[in-house]
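From first to last, the protein sequence lines are chains H and P.
Under the numbering used here, the very last position in the first sequence is 261; numbers go up by exactly one each time.
Under the numbering used here, the very last position in the second sequence is 355; numbers go up by exactly one each time.
Ideal placement from N, C-alpha and C gives every residue a C-beta, glycine not left out.
Here the structure is a predicted model, which is why all the values come from computation and not from measurement.
For reference, the structure discussed in these notes is given below.
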Amino acid sequence: MSTFIAFWKKEWMELLRSGKFIIVLLIFALFGIMNPAIAKLTPWLMETMADSLQDTGLQVTTVTVDATTSWTQFYKNMPMALIVVVLLFGSMFTQEYQRGTLVLVLTKGYPRRNVYLVKTWMALFIWTICFWLSFVITWFYNSYYWDNGNTSNILPAAALFWLFGIWVLLLLVFFSTVFSETSGVLAGTGAIVLLSYVVTIFPNVQDFLPVKLLGAQGLLLESQVIGDYGQAVFVTVVVSAAAAIAGMLLFEKKRI
Amino acid sequence: MDMLKISHVGKRFGDKEVLRDLDFTVPKHTIYGFVGQNGAGKTTTMKLVLGLLSADHGEIFVDGEKVSFTNNRTNRFIGYLPDVPEFYSYMNPTEYLHFCGAITGMEANDCKMRTEEMLRLVGLDGEKHRIKGFSRGMKQRLGIAQALLSRPRLLICDEPTSALDPVGRKEILDILVSAREETTVLFSTHILSDVERICERFAFLHQGKILRQGSMEDLKKSCGETGFELELEQKEKLEKLMEHFPGGTRQGRRGVIYAQGKGQSMEAVLAWLLREQIKFTKIEKSGLTLESLFLEVVGK
């Protein structure tokens, strides 16, 4: 366990001293503030633009915003924040392969499994704390300006998006054991997510795809119920676990 | 008892046979020079010992325990210095050695003491800057410190002096000599003078095969009497010398080489020069013949 913690501390030091942690934390905090801010500013923006819009023939009526508007904005911004996490963690293994820094670690008899588990855990941990930080900031401002009570399923909807992020990051870890270059890792992960989108054109498989979790904002408006996501959650968890296990097995035999 | 035993090991990369029936042993507490040209298979051999590659056939034992590919348990006995050691550049040397100690399960106090001891040994004590700005020589010295930190039974150094200036080379060789008391050193190189300087045993690797191995003492004995060369102050006197002592080969304008077996003794020539009051600028026995032996066995 102490050797596990030693590698964990090294990963932390890397994130802090490279500035990656601060960057990702600031981005998520900023998105957390932007969601209610954009919602709050929308009526004012529409009002100031009303004259010019009228010239083009558009009639601006009174715009009403509430917590749901802000939460809807949350689901528009989170994919961008997830992309930032993917870009930052896309090189977590490949940078070590290319620089050769793992050679000295592994030739001391340090188990490969520990390296894999710490790095995977770190990516999931950072995503989790940053995602929920953004969530809490949005929740706090929403309850200050409006009333979160008027929006349904806030927490389950957020949990579904968080799970989508876990799936993407475990794919990223899996491809980090397949490829030795960051471009390969990002392309592999991107290809699977894209494929998952493309397959949605077949209506009978839509409910089973992890990308369905991206539409979790539907829960906020009660146009959907939590049960609608059961199959997608099941498939996402199974695929994520399979990717994590397969990645570990591949990393055990990877030439470093 | 042998610290390292490599038994009939072979390795191919695609259709290229990198190692062919490699077979040698390294006795405990020796500095073993593993000599070969670039591409001879030295690094591949070391990676096999470290379990970073798998052998196609044959077996490797470190202190009697068999080496396996990946998660190699014998690595806990080994300290490794790659040709270009790469560290986490955002750490300083103390932090890096503490990290190395922690991942190998060293007790915290022991790790702290040993870190100070090793940094003193390699002359990096008091160095608080991050590794990022280190020179090649400093990285090589830190590489030795990390390799020796957990008191390994076998220290493997892959061309540790190849890219260093003469001062840096001497420092590294001195550290390796001082490390012999507590460990066995396997040291790959293509610099023969380094082997002559510090190694007790050697093996010549050529195209994946051991062509010759043995102790430096045996080598010197087998070389027998060596020749000598001298250089006079005035070139005019050279003719006279060569008439008196035939069999020499002219070298440059003022020099002559008497190869071994030509019947001339250095002492006799020296006595004659003094008697005739002929001034000379250099007289020396020919250098050690490891280089000539190496060139001979690799057929150059």
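{"Asked": "Between the region 148 to 162 of chain P and the region 130 to 150 of chain H, do three or more beta carbon pairs fall short of 8 Å?", "Found": "no"}
{"Asked": "The region 147 to 176 of chain P: which residues have C-beta closer than 7 Å to a C-beta of chain H, in chain order?", "Found": "Phe154, Cys155, Ala157, Ile158, Thr159 and Gly160"}
{"Asked": "Are Val91(H) and Glu16(H) closer than 9 Å when you measure CB to CB?", "Found": "no"}
{"Asked": "How would you list, in chain order, the residues of chain P whose beta-carbon sits under 8 Å from the beta-carbon of Tyr115(H)?", "Found": "Ile158 and Thr159"}
{"Asked": "Are Ile159(H) and Thr241(H) touching if we call contact CB-CB under 9 Å?", "Found": "no"}
{"Asked": "Our contact map puts Val89(H) next to Ile32(H) with C-beta atoms below 8 Å; I'd like the distance itself, whole angstroms only.", "Found": "5 Å"}
{"Asked": "Give a yes or no on whether 9 Å exceeds the smallest Cβ distance from Gln268(P) to chain H.", "Found": "no"}
{"Asked": "Where does Asp213(P) fall in DSSP's three states?", "Found": "strand"}
{"Asked": "Helix or strand or just coil, what does DSSP make of Asp76(P)?", "Found": "strand"}
{"Asked": "Consult DSSP for Leu63(H) and reduce its assignment to one of helix, strand or coil.", "Found": "coil"}
{"Asked": "Nearest by alpha-carbon distance to Thr363(P): which of Arg117(H), Val68(H) and Leu87(H) is it?", "Found": "Past the boundaries of the shown model lies residue 363(P); chain P is included only from 56 to 355, so the question cannot be answered."}
{"Asked": "How many angstroms separate the CA atom of Asp76(P) from the CA atom of Ser109(P)?", "Found": "14 Å"}
{"Asked": "Which of helix, strand or coil does DSSP assign to His261(P)?", "Found": "strand"}
{"Asked": "For Pro48(H) and Thr69(H), I'd like the C-alpha separation in whole angstroms.", "Found": "7 Å"}
{"Asked": "Of the choices Thr74(H), Arg260(H) and Leu93(H), whose alpha-carbon is the least far from that of Ala156(H)?", "Found": "Sequence inspection shows Thr at residue 156(H); the Ala mentioned does not correspond to that position. Ranking Thr74(H), Arg260(H) and Leu93(H) by Cα distance to Thr156(H) puts Thr74(H) first."}
{"Asked": "Quick one: using the 10 Å Cβ neighbour count with 16 as the cut-off for buried, is Arg67(P) buried or exposed?", "Found": "exposed"}
{"Asked": "Should Lys97(P) be labelled buried (16 or more other beta-carbon atoms within 10 Å of its own) or exposed?", "Found": "buried"}
{"Asked": "Tell me, please, whether the CB atom of Glu141(P) is closer than 9 Å to any CB atom in chain H?", "Found": "yes"}
{"Asked": "From Gly37(H), Lys113(H), Glu19(H) and Asn119(H), pick the residue whose C-alpha is nearest to that of Phe145(H); which is it?", "Found": "Gly37(H)"}
{"Asked": "Mind listing which residues of the region 19 to 31 of chain H have their C-beta closer than 8 Å to chain P's C-betas, in chain order?", "Found": "Glu19, Arg22 and Ser23"}
{"Asked": "Our contact map puts Leu209(P) next to Met58(P) with C-beta atoms below 8 Å; I'd like the distance itself, whole angstroms only.", "Found": "5 Å"}
{"Asked": "Within 10 angstroms of the Cβ of Ile133(P), are there 16 or more other Cβ atoms? Answer buried if so, exposed if not.", "Found": "buried"}
{"Asked": "Rounded to the nearest angstrom, how far is the Cβ of His245(P) from that of Asn93(P), given a contact under 8 Å?", "Found": "6 Å"}
{"Asked": "Does the beta carbon of Ile250(H) come closer than 9 Å to any beta carbon on chain P?", "Found": "no"}
{"Asked": "Within a Cβ cutoff of 6 Å, which residues of the same chain sit near Gln268(P), ignoring the five residues on either side of it in sequence?", "Found": "Phe79 and Ala258"}
{"Asked": "Can you find a CB in chain H that lies within less than 9 Å of the CB of Asn127(P)?", "Found": "yes"}
{"Asked": "In this structure, what does DSSP give as the bridge partners for Gly310(P)?", "Found": "Glu286(P) and Gln306(P)"}
{"Asked": "Exposed or buried, Lys113(H), counting other C-beta atoms within 10 Å across all chains shown (16 or more means buried)?", "Found": "buried"}
{"Asked": "I want to see whether chain H comes within less than 9 Å of Ser205(P), judged by CB atoms only; does it?", "Found": "yes"}
{"Asked": "Which chain H residues are close to Leu105(P), counting only those with a beta carbon under 7 Å from its beta carbon?", "Found": "Thr112"}
{"Asked": "Does the pairing of the region 211 to 227 of chain P with the region 187 to 196 of chain P give three or more beta-carbon distances under 8 Å?", "Found": "yes"}
{"Asked": "Expressed to the nearest angstrom, what Euclidean distance is found between the alpha-carbon atoms of Phe98(H) and Asp213(P)?", "Found": "24 Å"}
{"Asked": "Residues of chain H with CB under 9 Å from Pro137(P), in chain order?", "Found": "Gly105, Val108, Leu109 and Thr112"}
{"Asked": "Between the alpha carbons of Leu266(P) and Glu351(P), how many angstroms are there, rounded?", "Found": "10 Å"}
{"Asked": "Decide if Asn209(H) is buried, meaning its Cβ has at least 16 other Cβ atoms within 10 Å, or exposed.", "Found": "exposed"}
{"Asked": "Taking the CB atoms as reference points, tell me whether Lys337(P) and Glu294(P) lie closer together than 9 Å.", "Found": "no"}
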